[in-house]
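Since the structure comes first, as structure tokens, the remarks are kept for the end.
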Amino acid sequence: MKEKRSIKRIALLGVFGALSLVLSFLESALLPAVPFLPPGAKLGLSNIVTTLCGALFGAPAAFYITALKALFAFLTRGMTAGLMSLSGGMLSTVGLVLLLHLQGKTVSFLGISVLCAALHNSGQLFCAAVMTGTALLLQYGKILLAFALLTGTLTGIMLNLLVPRIRTAVQNVI
156 MKEKRSIKRI ALLGVFGALS LVLSFLESAL LPAVPFLPPG AKLGLSNIVT TLCGALFGAP
216 AAFYITALKA LFAFLTRGMT AGLMSLSGGM LSTVGLVLLL HLQGKTVSFL GISVLCAALH
276 NSGQLFCAAV MTGTALLLQY GKILLAFALL TGTLTGIMLN LLVPRIRTAV QNVI
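Going by this note's numbering, the letters in the sequence shown line up with residues 156 to 329, in that order.
The following block contains the structure:
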């Protein structure tokens with residue numbers, strides 16, 4: 156019985172991994188850049204999957220999704236995109252894992268999403284500053300922080316709606 160549950164869990168994690176890649180592709184390739192948003196800014200829809208996997212399966216699953224998305228960015232958009240995805244994603248996932256321990260007690264998915272969006276932007280900004288050797292890029296952090304508040308709020312609302320429903324749907328697998 157345990158082996159069957161493990162196989163279902165792996166299959167479900169594979170489905171979530173595929174979903175994160177599809178959402179990542181849709182954001183990078185199909186959604187046009189919005190003029191008033193910071194350059195390179197995205198909604199972070201695939202981060203919903205990372206948070207969902209962290210909440211349902213734990214830290215290793217969240218790190219798996221993050222690494223998968225970074226590899227996908229590297230393969231489809233090049234080294235710079237891969238490094239930016241990895242740096243922002245890993246810092247955000249570390250924060251996610253720490254914050255999930257507080258989820259439901261002192262912080263909701265809304266708070267988790269806003270903080271993780273800020274961490275993601277910070278990781279990417281630091282990576283860009285290191286890659287270019289330009290510390291002035293860190294000035295861009297103020298704009299990205301405001302954007303993280305907006306995108307984190309949107310993804311947090313979606314997670315508050317999705318997690319209880321998906322948790323119920325996959326309860327016998329996890």
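Glycine included, each C-beta is placed from N, C-alpha and C at the ideal position.
Is the beta carbon of residue j closer than 8 Å to that of residue i?
{"i": "L185", "j": "S201", "result": "no"}
{"i": "L280", "j": "Y295", "result": "yes"}
{"i": "G244", "j": "A214", "result": "no"}
{"i": "V325", "j": "L167", "result": "yes"}
{"i": "L265", "j": "I312", "result": "yes"}
{"i": "R322", "j": "L254", "result": "no"}
{"i": "L207", "j": "F171", "result": "yes"}
{"i": "G209", "j": "A217", "result": "yes"}
{"i": "I203", "j": "T310", "result": "yes"}
{"i": "S183", "j": "R232", "result": "yes"}
Buried or exposed, going by whether 16 or more other CB atoms sit within 10 Å of the CB of residue i?
{"i": "K197", "result": "buried"}
{"i": "I220", "result": "buried"}
{"i": "A301", "result": "exposed"}
{"i": "T235", "result": "exposed"}
{"i": "A228", "result": "buried"}
{"i": "G278", "result": "buried"}
{"i": "I267", "result": "buried"}
So if DSSP puts residue i in a beta bridge, which residue, or which two residues, is it bridged to?
{"i": "Q258", "result": "V262"}
Tell me, to the nearest whole angstrom, how far the beta carbon of residue i is from that of residue j; I am working on the premise that it is less than 8 Å.
{"i": "C271", "j": "S247", "result": "5 Å"}
{"i": "A303", "j": "V269", "result": "7 Å"}
{"i": "S240", "j": "T205", "result": "Their Cβ separation, rounded to whole angstroms, is 11 Å, which puts S240 and T205 out of contact at 8 Å."}
{"i": "T306", "j": "G199", "result": "5 Å"}
{"i": "N276", "j": "L299", "result": "4 Å"}
{"i": "C282", "j": "L251", "result": "18 Å between Cβ atoms; not a contact."}
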